[in-house]
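Everything on this sheet refers to the single structure shown next.
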Amino acid sequence: MTEKIDIELHINGRGHAVRVEPRKTLVDAIRDECGLTGTHIGCEHGVCGACTVIIDDDAVRSCLMFAVQAQGKRIRTVESLADGDKLHPMQAAFIAHHALQCGFCTPGFLMLAVNALETNPDLTDEEILDLLSSNLCRCTGYQNIIKAVRSTFAEMRQAHAR
Amino acid sequence: MKAAPFRYHAPRTIDEAVTLLAEVAPLDGRVLAGGQSLVPIMAFRLTRPAHLVDINGVEALRRLAVEGERLCIGACVRHSAFHRPVVDGPLGQLLSTVVHHIAHHPIRTRGTFCGSVAHADPASEWCTVAATLDAEIVAQSVRGSRVIPAREFFAGIMTTTLAEDELLTEVRLPLLAPDTRFGFYEFNRRAGDFALAMALAVYRVEDGRIVEPRLAVGGAEPHARRMADAEQVLAGRPPTAESFADAAEHAAAAVDPMEDAQTTAEYRRDLVRTVARRALERSLT
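Chains Y and X, in that order, are what the protein sequence lines are.
Just remember that my numbering sits 6 ahead of the position in the first sequence, which is counted from 1.
Just remember that my numbering sits 1 ahead of the position in the second sequence, which is counted from 1.
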């Protein structure tokens, strides 16, 4: 065992003072220390994307970062998307297009797609496909996830055009 | 799938980082940059460093600047910095073309250019770029600073001539003349996966003939390198399908391909022929 370090994580606008070993990954700290279990752990080696969160405007894999590295950064998880009972448009689109079945991969896909929507709203359909190729889903067959994300981008573009 | 315990160090300056590294490198200390290769292999416990020197807090290493005729890329510059051209002209275009072949978007937001070069995975796109353009690699330690040419830097699979107490602080790439043409092609089985072979071609044309040709192959041998025979074949010839096919043939003949359970040497040699030809063909579009 190595000594634990006191750190503060800023997640979804709230500070969490936690005490972690340096080897604790950010995703483990988010779930175990901060109780935010919306972020899922799949492969634990950066392949599946289930643990994708947004850190300072970048989508990152929280299993490939240690919690100590996230001090002083703004972390956003899937819990931040809905406003009370009102779902984020991306979440609503996932339901409308049946883009989830078991839901295990969903938080990662949502954070990946929402980050792209916020930072790069002009992505083409082809670029969206390339973006989504980074995360794994074992049940929907991807087509409905692609439809949901593309339709949200299209809606946002229309809303801005008006 | 949890990393073994380690002591964590977070230096704020290059001096602090190299001082720490001098101290902990002999005790199995490693540098942590983007962590997109190191952290997974730590999770698998394929490596269990006793100390990590996290350089992400070293402001000076975020430098990305043109100095004279060179683009200087600091050790903390992420892959995603190259999504859009970072300099005017062919070099910026080349880097923004190649970067989209590196893993996936959320990996590119953390992983670093210099980290890839230091890690020296045979399938690394940036290593292929560094070999093609004869990059200069800057290494610093408490003993001083030195510049290592790319051809003397890569020594084998994930092996470089960097000493254990040296920090790779910067990679310098030559700016390319405005009339420089380039083409990149990579083959892998799935989007974002490790390349089985890739090629990068860079040249200029004078009076309808190829001058200063550079053709490097990556992913096929223990490390990327320029293919001298193929470059000789290109020099002085017009950039046509015929000269490209000829050069690709020479590149395929010159490689000593790596083998694994799924990939025979013969198959990889065939891939080299194809990626070299397609990289050259892409230089025309």
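We treat Cβ as the ideally placed atom computed from N, Cα and C, and that holds for glycine.
Predicted model only: the values in this text are computed from it and were never measured.
C-beta contact flag for residue i and residue j at 7 angstroms
i	j	result
Ala-76(Y)	Gly-114(Y)	no
Phe-188(X)	Leu-201(X)	no
Pro-95(Y)	Thr-158(Y)	yes
Gly-30(X)	Gly-112(X)	no
Gly-220(X)	Ala-124(X)	yes
Arg-205(X)	Glu-213(X)	yes
Val-172(X)	Ile-149(X)	no
Val-143(X)	Ala-18(X)	no
Arg-85(X)	Gly-75(X)	no
Ile-56(X)	Thr-48(X)	no
Val-234(X)	His-251(X)	yes
Leu-21(X)	Ala-51(X)	no
Val-78(X)	Phe-45(X)	no
Ala-231(X)	Ala-248(X)	yes
Thr-45(Y)	Thr-83(Y)	yes
Ile-103(X)	Glu-68(X)	no
Thr-129(X)	Met-199(X)	yes
Leu-174(X)	Leu-134(X)	yes
Phe-245(X)	Arg-278(X)	yes
Leu-106(Y)	Thr-58(Y)	no
Val-24(Y)	Pro-107(X)	no
Arg-29(Y)	Pro-6(X)	yes
Asp-64(Y)	Thr-110(X)	yes
Phe-154(X)	Thr-162(X)	yes
Val-276(X)	Leu-70(Y)	no
Ala-73(Y)	Val-26(Y)	yes
His-103(Y)	Ala-160(Y)	no
Residue range of the unbroken beta strand (DSSP E) whose run includes residue i
i	result
Ile-13(Y)	11-17
Ile-74(X)	71-75
His-52(X)	52-55
Val-59(X)	Unbroken run through Val-59(X): none, as it is neither H nor E.
Ala-23(Y)	20-26
Thr-275(X)	From DSSP, Thr-275(X) is part of no beta strand (DSSP E) but of the alpha helix (DSSP H) over 266-283.
Asp-3(Y)	Nothing about residue 3(Y) can be read from this structure; chain Y reaches only from 7 to 168.
Asp-64(Y)	64-67
Glu-68(X)	65-68
Leu-33(X)	30-33
His-10(X)	8-10
Val-59(Y)	58-61
Buried/exposed call for residue i, threshold 16 Cβ in 10 Å
i	result
Cys-40(Y)	buried
Cys-145(Y)	exposed
Leu-285(X)	exposed
Gln-141(X)	buried
Glu-70(X)	exposed
Ile-211(X)	buried
Cys-108(Y)	exposed
Ile-17(Y)	buried
Gln-37(X)	buried
Gly-52(Y)	buried
Arg-190(X)	exposed
Gln-164(Y)	exposed
His-224(X)	buried
Thr-14(X)	exposed
Asp-91(Y)	exposed
Glu-165(X)	exposed
Arg-168(Y)	exposed
Span of the alpha helix (DSSP H), counted from its first residue to its last, around residue i
i	result
Leu-39(X)	39-44
Ala-252(X)	242-255
Ala-160(Y)	149-167
Glu-50(Y)	Unbroken run through Glu-50(Y): none, as it is neither H nor E.
Asp-16(X)	15-25
With a floor of 4 residues, list each alpha helix (DSSP H) that falls wholly inside the stretch 86-118 of chain X, ordered by position along the chain. 91-100, 106-109
Can you list the beta strand (DSSP E) stretches of 3 or more residues lying completely in the stretch 69-99 of chain Y, in chain order? 80-82
Taking a Cβ distance cut-off of 8 angstroms, strictly less, list which residues of the stretch 73-93 of chain Y are near chain X, in chain order. Val-74, Gln-75
Segments assigned beta strand (DSSP E), at least 3 residues, entirely inside the stretch 170-229 of chain X: At a cut-off of 3 residues, the continuous stretches assigned as beta strand (DSSP E) that sit fully inside the stretch 170-229 of chain X are 182-188, 198-207, 210-219.
Counting only runs of 4+ residues fully inside the stretch 132-166 of chain X, write out the alpha helix (DSSP H) ranges in chain order. 151-154
What are the complete alpha helix (DSSP H) segments, minimum 4 residues, inside the stretch 102-128 of chain Y? You should have 112-125.
Can you list, in chain order, the residues of the stretch 46-64 of chain Y whose Cβ is nearer than 7 angstroms to any Cβ on chain X? Glu-50, His-51, Gly-52, Gly-55, Thr-58, Asp-64
Using a Cβ-Cβ cut-off of less than 7 angstroms, list which residues of the stretch 93-114 of chain X approach chain Y; keep chain order. His-105, His-106, Pro-107, Ile-108, Thr-110, Arg-111
Taking only beta carbons into account, state which residues of the stretch 30-48 of chain X come closer than 7 angstroms to chain Y, listed in chain order. Gly-36, Gln-37, Val-40, Pro-41, Ala-44, Phe-45
Against chain Y, which members of the stretch 180-193 of chain X pass a CB distance test of less than 9 angstroms? Arg-191, Ala-192, Gly-193
Relative to chain Y, which residues along the stretch 5-17 of chain X have a C-beta separation below 8 angstroms, given in chain order? Ala-5, Pro-6, Phe-7, Arg-8, Tyr-9, Ala-11
According to a CB-to-CB cut-off of less than 8 angstroms, which residues of the stretch 48-64 of chain X neighbour chain Y? Leu-53, Asp-55, Asn-57
Under 7 angstroms (Cβ pairs) to chain X, residues found in the stretch 20-35 of chain Y: Per Cβ criterion, the list reads Glu-27, Pro-28, Arg-29.
Residues, ordered as in the chain, of the stretch 215-237 of chain X that lie near chain B by beta-carbon distance below 7 angstroms: The structure shown contains no chain B; the protein chains it does contain are Y and X.
For the stretch 193-207 of chain X, which residues have a beta carbon sitting closer than 7 angstroms to at least one beta carbon of chain Y? Gly-193
What residues in the stretch 93-119 of chain Y have a beta carbon less than 8 angstroms from any beta carbon of chain X? Leu-118
For the stretch 138-151 of chain Y, which residues have a beta carbon sitting closer than 9 angstroms to at least one beta carbon of chain X? Ser-139, Ser-140, Asn-141
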